[in-house]
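Peer 1:
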Amino acid sequence: MLLWEDTDVVNGIVRNNIIYGRRPHDTAIEMVHATGWLVVHNTVLLLDPLPGLSWGMEARYADTTGTFANNLANMTIWENRDGAAAVAGSENIEAADPGWLVDLESYDFRLTSRAGPAIDRGSTGYLGQTPEDFYGELRDAAPDVGADEWQPGVSDVIETLGVLAGLAGASDLVDDINNDGVIGLAERKNGQIVLDQIRTVDKKRLVRRLGVISKHAQDKTLQVLQEMFAR
Numbered sequence: 049m050l051l052w053e054d055t056d057v058v059n060g061i062v063r064n065n066i067i068y069g070r071r072p073h074d075t076a077i078e079m080v081h082a083t084g085w086l087v088v089h090n091t092v093l094l095l096d097p098l099p100g101l102s103w104g105m106e107a108r109y110a111d112t113t114g115t116f117a118n119n120l121a122n123m124t125i126w127e128n129r130d131g132a133a134a135v136a137g138s139e140n141i142e143a144a145d146p147g148w149l150v151d152l153e154s155y156d157f158r159l160t161s162r163a164g165p166a167i168d169r170g171s172t173g174y175l176g177q178t179p180e181d182f183y184g185e186l187r188d189a190a191p192d193v194g195a196d197e198w199q200p201g202v203s204d205v206i207e208t209l210g211v212l213a214g215l216a217g218a219s220d221l222v223d224d225i226n227n228d229g230v231i232g233l234a235e236r237k238n239g240q241i242v243l244d245q246i247r248t249v250d251k252k253r254l255v256r257r258l259g260v261i262s263k264h265a266q267d268k269t270l271q272v273l274q275e276m277f278a279r
């Protein structure tokens, strides 16, 4: 994607694009002699760059002005190539892990809960220009970096509960039914998870221990636990 001098681009916006390259490629987004532009909430994953290429987006030449913001990329965003000094950057990620997305092979570029560094980490200053993500879903008050706004779901709760089970120590719960040395959600009796074992646990404290899980997943898990034990 190239915005070049002959197009006379002024105050343009490049938003909510997903660019995925697994064949030899050049840079994905190039801003050249364009002014006042905004490149915001794009996801760029480039897996086979040309020899010597280490950047995925760039701005070139001194008369180029604009902003890169809330972009998710696995390569550098070169903001000042060939003298493009009047270019700003805000809350971009330049070392994204392809494993943060659901499944590249099936072209499912939605974020998973593994994308903690991108979830809720975007600047809020661009919600007016990008209220919805690539999939037409509304961004919340703490937008995610990239083209997708992650939507917490049941799979994230299951993942968090699994980690929670491993982190729950003997001092938190009351009986190691399966004799594995850890008392947690994995405790079973007659094939059933014994939820009574964790009714008295400080659930907020346990959930906060899940640093490897995104805050969305933590909040959703806490909500599910509270609803379960309110019955």
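Numbering of the sequence shown is given in this note's numbering, commencing with residue 49 and proceeding in unit increments. Here a beta-carbon is modelled for each residue, glycine too, at the ideal position from N, C-alpha and C.
(1) Once the 5 residues before and after tyrosine 68 are set aside, which same chain residues still bring their CB inside 6 Å of it?
(2) Using CA coordinates, which residue listed in Glu142, Pro99 and Met79 is at the minimum distance from arginine 129?
(3) Which of the three DSSP states, helix, strand or coil, is assigned to glycine 194?
(4) On a Cα-Cα basis, can you pick out the residue from Arg187, Gly104 and Gly137 that is closest to threonine 113?
(5) Answer yes if the stretch 102-110 comes into contact with the stretch 149-163, meaning at least three C-beta pairs across the two stretches below 8 Å, and no otherwise.
(6) Return the residue from the list Phe182, Arg71, Ala189 and Ala190 that minimises the CA-CA distance to asparagine 90.
(7) Can you tell me where the beta strand (DSSP E) with alanine 107 in it begins and where it stops?
(8) Can you give me the Cβ contacts of isoleucine 141 inside the same chain, cut-off strictly under 7 Å, excluding the 5 residues immediately before and after it?
(9) With C-beta atoms as the reference, is asparagine 118 less than 7 Å away from glycine 84?
(10) Since phenylalanine 182 is in the beta strand (DSSP E), which residue starts that stretch and which ends it?
(11) From the DSSP output, read off the bridge partner residues of tryptophan 148.
(12) For leucine 98, which beta-bridge partners are listed by DSSP?
(13) Glycine 173 and glutamate 139 - do their beta-carbons sit closer together than 7 Å?
(14) Got a sec, what are the start and stop residues for the beta strand (DSSP E) glycine 164 sits in?
Peer 2: With the structure as the only source:
(1) Only Leu93 meet the Cβ criterion.
(2) Of Glu142, Pro99 and Met79, the residue nearest in Cα terms is Met79.
(3) Three-state DSSP puts glycine 194 in coil, outside helix and strand.
(4) Relative to threonine 113, the option among Arg187, Gly104 and Gly137 whose CA is nearest is Gly137.
(5) No: fewer than three Cβ pairs fall under 8 Å.
(6) Ranking the options by Cα distance to asparagine 90, first place goes to Phe182.
(7) Here the beta strand (DSSP E) through alanine 107 covers 103-108.
(8) Correct list, in chain order: Leu120, Ala121, Pro165, Ala166 and Val193.
(9) No, they are not a contact pair.
(10) Unbroken run through phenylalanine 182: none, as it is neither H nor E.
(11) Under DSSP, no beta-bridge partner is assigned to tryptophan 148.
(12) In DSSP, leucine 98 forms no bridge with anything.
(13) No, they are not a contact pair.
(14) Looking at the DSSP string, glycine 164 is not in any beta strand (DSSP E), and its letter there is neither H nor E.
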